[in-house]
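The sequence shown begins at 38 in our numbering and counts up one residue at a time.
Here is the structure we will look at.
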Amino acid sequence: NIITSALSIDEFFRISQCKSAKEVWDTLQVTHEGTSDVKRSRKHTLIREYELLRMNHGESMLG
């Protein structure tokens, strides 16, 4: 199977009991991307970090 040949041993064990390619894909997607709640939380955290990003006094944009 092309999907399983590209997996690490840990990923392979995680999906070894899956019965269909769809189940394998969904399991790997949640493993690597997180659930929709995790993605939403990550998005809010990144937005907040961006909003709090400020240039310090004496700091140049030229590096």
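Glycine included, every Cβ here is placed at the ideal spot set by N, Cα and C.
Quick caveat: nothing in here was measured; it's all calculated off a predicted structure.
Looking only at Leu-65, Arg-91, Gly-95 and Leu-99, the smallest Cα-Cα distance to Ser-45 is reached by Leu-65. The shortest C-alpha to C-alpha distance from Ser-57 to any of Ile-40, Val-67, Thr-68 and His-69 is the one to Ile-40. The residues Glu-70, in chain order, have a CB closer than 8 Å to that of Lys-76 in the same chain once the five nearest residues on each side in sequence are set aside. DSSP places Glu-96 outside both helix and strand once states are collapsed to three, so it counts as coil.
Here the alpha carbon of Leu-89 sits roughly 12 Å from the alpha carbon of His-81.
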